[in-house]
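Here is the structure we will look at, set down as structure tokens.
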Ligand code: BTN
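Residue numbers (the numbering used here): 2 to 341.
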């Protein structure tokens with residue numbers, strides 16, 4: 002496959018093009034003088050300085066040392082369609098007819114939902130280096146600093162209607178844990194319905210948006226956010242205990258390899274789910290359940306219910322012991338929390 006041109010690889014907004022060029026030369030983490038950078042970009046040192054400030058506003062940490070110049074606080078590996086594809090199995094490659102990578106987007110889910118309406122094929126994938134309006138479950142914001150983490154969405158089409166996809170949320174959580182397990186063999190867990198935690202802190206989340214006819218067909222946009230290297234400044238906006246892969250592993254994994262592993266696991270899981278339903282995933286989900294047996298609070302749109310989490314039933318609904326009663330809650334506008 003020929004190397005993609007920048008315009009194909011990145012949909013750039015005004016001003017982003019020269020910032021990306023600057024980032025590309027700084028990506029290896031070595032010092033470059035302002036003069037060299039200016040010569041490379043064909044602009045003055047003052048213009049370089051302006052671009053460096055713009056990069057800092059994107060959340061990129063840049064070190065300036067007198068006499069040596071500028072360098073990134075850590076090297077950046079950009080997402081790249083050819084690199085990502087080369088790390089997929091032939092079967093996963095064949096399942097992804099379209100792979101869009103953007104420097105910046107509002108949200109990869111929003112983008113793919115719109116493409117789905119226009120007829121984008123099953124298996125279409127979208128990633129972005131940053132999201133300006135990244136969305137989490139329950140209307141929350143998903144903090145999405147530039148080139149630090151993974152923001153990925155996959156479109157999957159089903160012959161059945163939305164009601165048949167009730168278990169999908171748990172399936173995606175299990176797939177995500179499987180993909181991450183190669184990197185992080187111990188300490189991963191799932192908080193219902195599909196938050197991935199490491200040692201009790203959120204490492205990754207899944208936002209699934211489903212649309213379709215009640216009797217089918219339907220489609221789901223499965224959005225995955227994984228914290229790889231969360232910069233301190235961005236982390237201040239996160240309203241819950243969080244972690245990232247740097248903290249789990251001591252070093253940043255390749256984001257292209259990670260994206261490929263996530264897609265591989267998701268596609269395989271979706272195929273199994275279409276054939277066999279949720280049943281094949283229940284055991285794996287239960288093995289990773291971090292809430293079972295714990296006192297929890299369930300936040301519903303209009304009420305908070307306290308009880309003891311009792312795992313999930315065979316349809317993937319949460320079981321909660323409230324007094325003498327065992328109550329069941331299907332995923333939806335519900336947030337499960339430890340009492341504060
Ligand atoms: C959650 O745990 O609340 C779900 C987080 C999902 C975040 C991902 S990042 C890629 C995709 N695009 C979005 O706007 N959200 C999802």
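The beta carbon of each residue, even a glycine, is placed where N, CA and C say it ideally should be.
Alpha carbon to alpha carbon, how far is residue i from residue j?
i: residue 113; j: residue 146; result: 20 Å
i: residue 171; j: residue 54; result: 42 Å
i: residue 185; j: residue 149; result: 18 Å
i: residue 82; j: residue 100; result: 7 Å
i: residue 251; j: residue 235; result: 19 Å
i: residue 266; j: residue 153; result: 13 Å
i: residue 335; j: residue 299; result: 7 Å
i: residue 191; j: residue 174; result: 7 Å
i: residue 340; j: residue 200; result: 17 Å
i: residue 126; j: residue 263; result: 12 Å
i: residue 159; j: residue 137; result: 23 Å
i: residue 63; j: residue 283; result: 45 Å
i: residue 249; j: residue 205; result: 12 Å
i: residue 176; j: residue 285; result: 10 Å
i: residue 213; j: residue 318; result: 22 Å
i: residue 108; j: residue 207; result: 13 Å
i: residue 253; j: residue 151; result: 12 Å
i: residue 61; j: residue 34; result: 18 Å
For residue i, count neighbouring Cβ atoms within 10 angstroms of its own Cβ and tell me buried if that reaches 16, exposed if not.
i: residue 20; result: buried
i: residue 57; result: exposed
i: residue 228; result: buried
i: residue 91; result: exposed
i: residue 327; result: exposed
i: residue 218; result: exposed
i: residue 179; result: buried
i: residue 45; result: exposed
i: residue 296; result: exposed
i: residue 139; result: exposed
i: residue 87; result: exposed
i: residue 26; result: exposed
i: residue 68; result: exposed
i: residue 98; result: exposed
Can you give me the Cβ contacts of residue i inside the same chain, cut-off strictly under 8 Å, excluding the 5 residues immediately before and after it?
i: residue 293; result: 287, 310, 311, 312
i: residue 210; result: 110, 114, 221, 222, 224
i: residue 280; result: 315
i: residue 15; result: Any reading at residue 15 must be qualified, since the residue scores a pLDDT of 45, below 50, and its modelled position is unreliable; the value itself is stated next. Once the five neighbours on either side are set aside, residue 15 has no close Cβ partner at all.
i: residue 121; result: 99, 113, 156
Can you give the beta carbon distance from residue i to residue j, rounded, assuming they're within the 8 Å contact cut?
i: residue 202; j: residue 244; result: 4 Å
i: residue 72; j: residue 103; result: So it is not a contact: roughly 26 Å between Cβ atoms.
i: residue 291; j: residue 306; result: At roughly 19 Å, the Cβ-Cβ gap does not stay under 8 Å, so residue 291 and residue 306 are not in contact.
i: residue 215; j: residue 168; result: Actually they do not touch by this definition, with Cβ atoms about 17 Å apart.
Going along the chain, which residues of its own chain have a beta-carbon closer than 6 Å to the beta-carbon of residue i, five neighbours each way excluded?
i: residue 85; result: 257, 260, 261
i: residue 273; result: 281
i: residue 77; result: 28, 148
Measuring only between beta-carbons, confirm whether residue i sits less than 8 Å from chain D.
i: residue 246; result: No chain D is part of this structure, which consists of one protein chain only.
Less than 7 Å between C-beta atoms, sequence neighbours within five positions excluded: which residues of the same chain meet that for residue i?
i: residue 30; result: 72, 73, 75, 76
i: residue 330; result: 299, 318, 319, 321
i: residue 129; result: 103, 105, 106, 109, 152
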